[in-house]
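**Q** After the structure tokens below, expect a handful of questions from me.
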Amino acid sequence: MMYESTASAIALTRLQRMAGQILYVAAASALFAALQMHLDLAAHATGSILFGSLAGIYLALAQRGGRMRELELCEQSAPLYAREMARAIALVPCIGVTTALAAYWLVTLISSGPTVAAMPVFLSIACASAVSIVALCATVRAGAWQLSYLLLAAALAAIVAALEFPQPPAAFLFCAMAGFIGLRQYGEVLARWAPIPPV
Amino acid sequence: MRDATFAQRGTQLVPPQTLELDEGGRLAHPCADNRTASIVAMMAAGLVRATDGRVFVGAFDPCIQPVHVKRLAGYVPHDALPYEFSTFERYIEYRAALWQLPQAESVVRARRILEGLSGIHESFAYPLAGALIALPRLLVLDRPQALYAPQIVEAASSCAIFSTHGSGGEAARFIEACGVPV
Numbered sequence: 001m002m003y004e005s006t007a008s009a010i011a012l013t014r015l016q017r018m019a020g021q022i023l024y025v026a027a028a029s030a031l032f033a034a035l036q037m038h039l040d041l042a043a044h045a046t047g048s049i050l051f052g053s054l055a056g057i058y059l060a061l062a063q064r065g066g067r068m069r070e071l072e073l074c075e076q077s078a079p080l081y082a083r084e085m086a087r088a089i090a091l092v093p094c095i096g097v098t099t100a101l102a103a104y105w106l107v108t109l110i111s112s113g114p115t116v117a118a119m120p121v122f123l124s125i126a127c128a129s130a131v132s133i134v135a136l137c138a139t140v141r142a143g144a145w146q147l148s149y150l151l152l153a154a155a156l157a158a159i160v161a162a163l164e165f166p167q168p169p170a171a172f173l174f175c176a177m178a179g180f181i182g183l184r185q186y187g188e189v190l191a192r193w194a195p196i197p198p199v
Numbered sequence: 200m201r202d203a204t205f206a207q208r209g210t211q212l213v214p215p216q217t218l219e220l221d222e223g224g225r226l227a228h229p230c231a232d233n234r235t236a237s238i239v240a241m242m243a244a245g246l247v248r249a250t251d252g253r254v255f256v257g258a259f260d261p262c263i264q265p266v267h268v269k270r271l272a273g274y275v276p277h278d279a280l281p282y283e284f285s286t287f288e289r290y291i292e293y294r295a296a297l298w299q300l301p302q303a304e305s306v307v308r309a310r311r312i313l314e315g316l317s318g319i320h321e322s323f324a325y326p327l328a329g330a331l332i333a334l335p336r337l338l339v340l341d342r343p344q345a346l347y348a349p350q351i352v353e354a355a356s357s358c359a360i361f362s363t364h365g366s367g368g369e370a371a372r373f374i375e376a377c378g379v380p381v
């Protein structure tokens with residue numbers, strides 16, 4: 001298989017390595033939707049945002065260290081600008097949460113029938129993607145900074161869940177802005193990050 | 200490298216390092232421990248920026264032009280095992296995509312390099328062949344085994360070789376095996 005671009009090489013290789021984790025998250029997401037089957041659409045919308053965000057944080061944190069160490073060193077030694085690398089790596093948790101939320105809404109659609117509206121589906125995906133991008137910044141930080149990025153990601157999910165029903169356009173705008181700023185920030189931090197071996 | 204140090208959160212992890220390597224030269228650099236050796240190799244390959252002092256690779260400063268430095272340098276880590284790639288060709292295609300090289304040509308070139316690395320375990324031979332497909336002018340090796348020194352020097356005959364070692368003894372063994380000056 002030939003890679004079309006640098007971004008596709010980074011994203012596809014990381015996705016391949018995380019395939020098992022993404023499948024587990026998607027299965028958990030489907031189970032969560034099944035447990036919520038007797039609740040109304042508002043509960044489904046809030047549940048999908050919160051569960052999708054949690055999955056996004058988990059998949060973002062899985063991008064560093066451990067099994068990713070070898071890929072990390074390879075990517076860092078390649079002549080790439082940090083912003084290119086940041087965009088490619090950010091694709092991975094975004095695709096992961098989209099898969100998980102697709103499983104969630106598929107189960108909801110089966111259990112609730114065709115009453116599911118499109119807006120909560122797209123908003124949950126937008127929110128979980130923005131949360132995972134903000135959580136990615138925590139992977140290249142340590143100590144208090146790492147914790148603050150994780151809290152920021154959790155706060156983002158809570159704000160979107162609160163904004164959702166009264167103000168859907170505001171919630172979409174908020175996700176887009178948070179995702180954009182988070183990605184810029186991730187690229188800048190990645191440029192200064194030193195992949196030194198752990199103690 | 201002139202008085203180059205690396206510190207993290209106020210702790211100095213790499214004491215001042217001063218060394219020079221000419222184009223096409225060979226240098227085995229002994230460090231105080233394995234972690235220091237690993238960080239010094241990363242500093243030489245442009246992966247880690249020196250906190251103090253100066254590092255130049257060719258005419259480029261990794262703090263200002265890291266991408267230019269990474270085009271010149273090929274980095275082979277100590278413990279990067281390409282286990283999860285199904286085949287050698289897949290691994291080379293991945294690396295070629297990262298370095299924006301033609302993938303099919305790179306696979307052919309890598310196979311030729313790999314033939315010259317007979318006797319080297321694939322966990323070291325694959326990353327070495329992967330680093331050499333981009334035709335680097337400087338090959339940076341993080342704690343290579345002395346046992347593989349002759350094949351490394353043969354495969355990377357067209358570029359400068361800089362290796363770091365966790366102790367003076369390891370560096371001496373590497374020098375003895377391939378005849379590089381310290």
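Chains as they are written, first to last, in my numbering: chain P, 1 to 199; chain W, 200 to 381. Beta carbons: idealized from backbone N, C-alpha and C, even for Gly. Quick caveat: nothing in here was measured; it's all calculated off a predicted structure.
Which residue comes first and which comes last in the beta strand (DSSP E) that contains W:Gln211?
**A** As a first step, residue 211 of chain W must be located in the second sequence, where it is residue number 12. Per DSSP, W:Gln211 belongs to the beta strand (DSSP E) from 210 to 216.
**Q** What is the DSSP secondary structure of W:Arg201, counted as helix, strand or coil?
**A** Numbered from 1 along the second sequence, position 2 holds the residue referred to as residue 201 of chain W. In the structure shown, W:Arg201 sits in a strand (DSSP, three-state: E or B).
**Q** Output yes if chain W places a C-beta closer than 8 Å to the C-beta of P:Glu188; else output no.
**A** For the purposes of this step, residue 188 of chain P is taken as residue 188 along the first sequence, with counting starting at 1. Judged by the 8 Å Cβ criterion, P:Glu188 is not in contact with chain W.
**Q** Give every residue of the same chain whose Cβ lies closer than 6 Å to the Cβ of W:Glu369, excluding the five residues on either side of it in the sequence, and list them in chain order.
**A** For the purposes of this step, residue 369 of chain W is taken as the residue at position 170 of the second sequence. Excluding sequence neighbours, W:Glu369 sits near nothing in its chain.
**Q** What three-state label does DSSP hand P:Leu23 in the structure shown?
**A** Looking up residue 23 of chain P in the first sequence gives position 23. It is helical.
**Q** Since W:Val276 meets chain P, which of its residues come closer than 7 Å, beta carbon to beta carbon?
**A** Within the second sequence, residue 276 of chain W is the residue found at index 77, counting from 1. Per the sequence shown, residue 276 of chain W should be read as Pro rather than Val. Simply Leu73.
**Q** Please compile the residues from chain P whose C-beta is within a distance smaller than 8 Å of the C-beta of W:Tyr293.
**A** One-based indexing of the second sequence puts residue 293 of chain W at position 94. Neighbours of W:Tyr293 on chain P, chain order: Tyr3, Ala9, Thr13, Cys74.
**Q** Span of the beta strand (DSSP E) holding W:Ala295?
**A** To locate residue 295 of chain W, count along the second sequence from 1; it is residue 96. Here W:Ala295 belongs to no beta strand (DSSP E); instead the alpha helix (DSSP H) covers 287 to 297.
**Q** Check whether the Cβ atoms of P:Ser53 and P:Tyr104 sit closer than 8 Å, and answer yes or no.
**A** Along the first sequence, one-based indexing puts residue 53 of chain P at 53. Along the first sequence, one-based indexing puts residue 104 of chain P at 104. Contact: no.
**Q** Just by C-beta distance, which residues in the stretch 296 to 315 of chain W are closer than 8 Å to chain P?
**A** Result list: Ala296, Leu297, Trp298, Gln299, Gln302, Ala303.
**Q** Can you check whether the C-beta of P:Ser77 is within less than 8 Å of a C-beta belonging to chain W?
**A** The residue labelled residue 77 of chain P in the question sits at position 77 within the first sequence. So yes, P:Ser77 belongs to the interface.
**Q** Using a C-beta cutoff of 8 Å, does P:Tyr104 count as contacting chain W?
**A** Position 104 of the first sequence holds residue 104 of chain P. No, its Cβ sits nowhere closer than 8 Å to a Cβ of chain W.
**Q** When you compare only the Cα positions, how much space is there between W:Leu271 and W:Arg336?
**A** By 1-based counting over the second sequence, the position of residue 271 of chain W is 72. By 1-based counting over the second sequence, the position of residue 336 of chain W is 137. In a straight line, the C-alpha of W:Leu271 is about 5 Å away from that of W:Arg336.
**Q** At 8 Å on the CB atoms, spell out the chain W contacts of P:Arg17, in chain order.
**A** Mapped onto the first sequence, residue 17 of chain P falls at position 17. Simply Glu283.
**Q** With a floor of 4 residues, list each alpha helix (DSSP H) that falls wholly inside the stretch 128 to 171 of chain P, ordered by position along the chain.
**A** Entirely contained in the stretch 128 to 171 of chain P, the alpha helix (DSSP H) runs reaching 4 residues are, in chain order, 143 to 163.
**Q** What are the boundary residues of the beta strand (DSSP E) that includes W:Val339?
**A** Sequence index remark: in the second sequence, residue 339 of chain W carries index 140 (1-based). Residues 337 to 341.
**Q** Find out if the Cβ-Cβ distance for the pair W:Arg372, W:Asn233 is shorter than 8 Å.
**A** What you label residue 372 of chain W is simply residue 173 of the second sequence in a count that begins at 1. What you label residue 233 of chain W is simply residue 34 of the second sequence in a count that begins at 1. No, Cβ-Cβ distance for W:Arg372 and W:Asn233 is not below 8 Å.
**Q** Determine, for W:Leu246, whether the minimum Cβ-Cβ distance to residues of chain P falls below 8 Å.
**A** The count along the second sequence starts at 1 and reaches residue 246 of chain W at position 47. Judged by the 8 Å Cβ criterion, W:Leu246 is in contact with chain P.
**Q** Quick one: using the 10 Å Cβ neighbour count with 16 as the cut-off for buried, is P:Leu147 buried or exposed?
**A** If you number the first sequence from 1, residue 147 of chain P lands on position 147. Exposed, since its Cβ has fewer than 16 Cβ neighbours within 10 Å.
**Q** Cutting at 7 Å between CB atoms, please list the residues of its own chain near P:Leu101, excluding the five before and the five after it.
**A** Position 101 of the first sequence, counting from 1, holds the residue named residue 101 of chain P. Excluding sequence neighbours, P:Leu101 sits near Ser29, Ser48, Gly52, Ser124, Ile125, Ala128.
**Q** Could you give the distance in angstroms between the alpha-carbon of W:Ala258 and the alpha-carbon of W:Met241?
**A** Here the question's residue 258 of chain W lines up with position 59 in the second sequence. Here the question's residue 241 of chain W lines up with position 42 in the second sequence. The straight-line gap from Cα to Cα measures roughly 18 Å.
**Q** Measure the beta-carbon distance from W:Val266 to P:Pro79 and round it to whole angstroms, keeping in mind my assumption that it falls under 8 Å.
**A** By one-based count along the second sequence, residue 266 of chain W stands at place 67. By one-based count along the first sequence, residue 79 of chain P stands at place 79. The Cβ separation is near 5 Å, so the contact holds.
**Q** From W:Leu340 to P:Gly96, what distance separates their C-alpha atoms?
**A** Residue 340 of chain W sits at position 141 when you count from the first residue of the second sequence. Residue 96 of chain P sits at position 96 when you count from the first residue of the first sequence. Those two C-alpha atoms are separated by around 35 Å.
**Q** Note down, in chain order, every chain W residue with its Cβ under 8 Å from the Cβ of P:Thr6.
**A** Position 6 of the first sequence holds residue 6 of chain P. Here the neighbours are Ala296, Leu297, Gln299.
**Q** Please state the DSSP three-state secondary structure of P:Gly179.
**A** To locate residue 179 of chain P, count along the first sequence from 1; it is residue 179. Residue state, collapsed to three classes: helix.
**Q** Please confirm if W:Val266 has its CB atom under 8 Å from at least one CB of chain P.
**A** The residue labelled residue 266 of chain W in the question sits at position 67 within the second sequence. Answer yes: the Cβ-Cβ gap between W:Val266 and chain P drops below 8 Å somewhere.
**Q** In angstroms, rounded to a whole number, what distance separates the CA positions of P:Glu72 and P:Gly65?
**A** Working through the first sequence from its first residue, we reach residue 72 of chain P at position 72. Working through the first sequence from its first residue, we reach residue 65 of chain P at position 65. Computed Cα separation, rounded: 8 Å.
**Q** Specify the secondary structure class of W:Ala328 as computed by DSSP and reduced to three states.
**A** Counted from its first residue, the second sequence places residue 328 of chain W at position 129. The answer is helix: DSSP assigns W:Ala328 an H, G or I state.
**Q** DSSP three-state call for W:Ser357: helix, strand or coil?
**A** Sequence index remark: in the second sequence, residue 357 of chain W carries index 158 (1-based). W:Ser357: coil per DSSP, three-state reduction.
**Q** Find out if the Cβ-Cβ distance for the pair P:Ala155, P:Leu163 is shorter than 8 Å.
**A** Position 155 of the first sequence holds residue 155 of chain P. Position 163 of the first sequence holds residue 163 of chain P. No, these two residues do not count as a Cβ contact at 8 Å.
**Q** Please list, in chain order, all residues of the same chain as W:Leu338 whose beta carbon is under 6 Å from its beta carbon, the five residues on each side excluded.
**A** As a working note, residue 338 of chain W is residue 139 in the second sequence. Cβ within range, chain order: Gly273, Ala355, Cys358, Ile360.
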